[in-house]
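Working notes for the structure below.
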Amino acid sequence: MSKLLTKDKEVVVPGEHLAEGMDYLPGAGTYREGEKIISSVLGLTRIEGRAIKLIPLSGKYLPKRGDMIIGRVFEIAFSGWRIDTESAYQAMLNMREATSDFIPKGANLTKYFDFGDYIVCKITNVTSQNLIDITMKGPGLRKLKGGRVIKVNCHKVPRIIGKKGSMVSMIKKATDCKIIVGQNGVIWLQGEDPKMELLAVKTIKKIEKEAHINGLTDRIKKYLEKETGKKIETDRGEQ
Amino acid sequence: MNEELRNHIINLLNKGVRLDGRKPLEYRKPVDIKYDFSKSAEGSARVQIGETVVIAGVKLATQEPYPDSPEEGCLMVNAELLPISNPEFETGPPGIDAIEISRVVDRGIRESKAIDMKKLCVEKGEKVWSVMIDICPLNDAGNLFDISALSALAALKNTKFPKTDKEGTIDYKNKTDKSLSLDKQTVSVTVCKIGDHLIVDPITEEEKVIDARMTIATDQNQNLCAMQKGGDSPLTEEEISKMVDIGVKKCDELRKAL
């Protein structure tokens with residue numbers, strides 16, 4: 005006889021029994037041990053039919069193919085650059101994927117990307133051994149010049165971006181900052197006015213802190229309007 | 014390595030703002046000091062400025078005095094940079110940064126003669142009290158120098174002697190009302206130079222890109238007690254006197270929090 009031991013949308017900790025019996029299926033963030041389904045992360049439960057999934061609330065970034073991330077060059081190898089991705093695994097940027105320029109044999113690779121440079125890149129492949137391949141070829145993928153880099157919990161990134169980018173474009177509009185949000189929780193900002201840049205940082209930190217509370221968009225809009233003293237027009241699109 | 018960050022910080026400083034929105038010579042607020050943080054220590058304090066948290070404890074013990082100062086007590090300061098406070102710190106014996114912090118704190122207290130060492134004498138040439146200060150950052154978000162010195166002083170202020178019986182055995186479980194005779198209130202302020210700008214109370218990002226820093230310790234009468242210069246760049250005479258002026262002023266501000 006199968007039994008569900010948890011409810012939908014409940015916070016669970018690693019090791020908690022979620023269900024018993026073979027009628028339920030372990031989804032992402034859970035595993036089966038004998039008859040039991042046990043959680044492996046701190047997260048929110050989602051029960052979809054027979055499958056039990058967990059939406060993680062904490063933990064490091066897990067690389068996924070197609071994600072746009074911001075990484076930092078930490079090593080230069082013979083055939084390219086090694087990139088710190090803020091996850092448990094490092095990425096490899098091959099010379100062929102880095103630039104369309106011709107790179108002569110034995111060239112000094114720091115001319116293209118130096119140690120400590122931040123780059124916007126896209127994950128092209130993640131192997132079963134978690135080796136990450138990234139590319140710099142694509143719209144908006146480049147080396148970041150100037151500005152500042154902040155780090156947030158990568159699980160809050162969807163809330164910072166908002167539905168179809170609504171949240172981040174609202175911050176951009178209100179503060180006149182350039183903002184790039186990497187899926188790995190690394191965010192790059194640059195603003196003409198240092199006060200506005202700081203406001204953008206504060207707003208992002210506020211979103212990170214209050215991501216789980218209802219009515220986030222309205223609250224952030226009010227906050228930005230209060231801080232900047234301007235009215236913000238938002239095309240809310242479909243909600 | 015941090016060229017981009019450095020340029021950004023200098024650009025902001027040219028506009029008179031810092032990375033976190035403070036003015037160049039503004040300390041983080043509030044300065045939060047909690048006394049009596051540890052039950053087992055004779056005196057302890059936890060100091061929080063911004064996100065940096067440091068705890069300090071004072072241990073009192075009796076020992077034989079050093080031969081060159083038979084009537085004076087001993088002072089020892091030890092700082093340990095735990096990996097819990099900053100991912101860049103390693104376990105193991107104290108590294109060069111930890112040694113520098115403990116030496117700078119030690120020098121501030123010792124050279125200002127904050128503690129009356131003669132009063133720590135129990136029996137001339139035989140037995141004196143030794144004061145051991147342990148400093149432990151719980152979170153390093155910059156400026157460990159000043160906050161360590163402040164926490165050490167706060168812990169000294171909080172120190173009470175333990176009870177001793179006639180044979181001289183110390184009963185650490187019971188404290189007396191007698192506190193250390195603290196004549197001076199020595200705090201220190203580190204002034205950092207980035208480009209042409211001088212700042213106080215740097216955060217982690219700023220500490221990575223400073224050219225030079227100078228720690229200035231003063232007592233409550235604005236007497237200069239100790240100084241320590243760090244960083245790669247040299248300083249001009251003019252810069253040093255500017256730094257000292259800033260340091261003296263900021264020390265008075267910090268002292269108010271005690």
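Chains as they are written, first to last, in the working numbering: chain P, 5 to 243; chain C, 14 to 271.
Backbone N, C-alpha and C fix where the C-beta goes; we use that ideal spot for every residue, glycine too.
The structure displayed is predicted, hence computed values, not measured ones.
Around the Cβ of TYR79(C), a 10 Å sphere holds fewer than 16 other Cβ atoms; the residue is exposed. Close CB contacts of ILE46(C) within its chain, under the 7 angstroms cut and outside five residues either way in sequence, are with ALA58, VAL60, ALA167, ALA270, LEU271 (chain order).
One thing to note: ILE211(P) has its Cβ no nearer than 7 angstroms to the Cβ of ILE136(P).
Check the Cα spacing between GLU201(P) and each of ASN218(P), GLY189(P), ARG69(P), ILE183(P): the tightest is with ILE183(P). For THR179(P), the uninterrupted alpha helix (DSSP H) run begins and ends at 170-179, by DSSP. Under the 8 angstroms Cβ criterion, the stretch 212-227 of chain C counts as touching the stretch 32-43 of chain C, having at least three qualifying pairs. Cβ neighbours of VAL205(P) within its own chain (closer than 7 angstroms, five residues either side excluded): ILE154, LEU193. Not flagged as an interface residue toward chain P: LEU26(C), since no C-beta distance is shorter than 7 angstroms. Secondary structure of PHE158(C) (DSSP, three-state): helix. For ASN20(C), the chain P residues whose Cβ falls inside 8 angstroms of its Cβ are GLY150, in order along the chain. LEU202(P) belongs to the set of residues whose beta carbon lies under 7 angstroms from a beta carbon in chain C. In chain order, LEU25, LYS28, VAL30 make up the part of chain C whose C-beta sits under 7 angstroms from the C-beta of PRO198(P). Note on ALA111(P): under 16 other CB atoms within 10 angstroms of its CB, so exposed under the neighbour-count rule. Beta-bridge partners of GLU85(C) (DSSP): none assigned. Per DSSP, HIS21(C) lies in no beta strand (DSSP E); the unbroken alpha helix (DSSP H) holding it starts and ends at 16-27.
At the C-beta level, ALA154(C) and GLU64(C) come within 7 angstroms of one another. About 27 angstroms separates the CB atoms of SER43(P) and GLY70(P); that is not less than 8 angstroms, and the two are not in contact. ARG50(P) and LEU148(P) have their C-alpha atoms roughly 38 angstroms apart. Shown here, TYR48(C) sits in a strand according to DSSP, grouped into three states.
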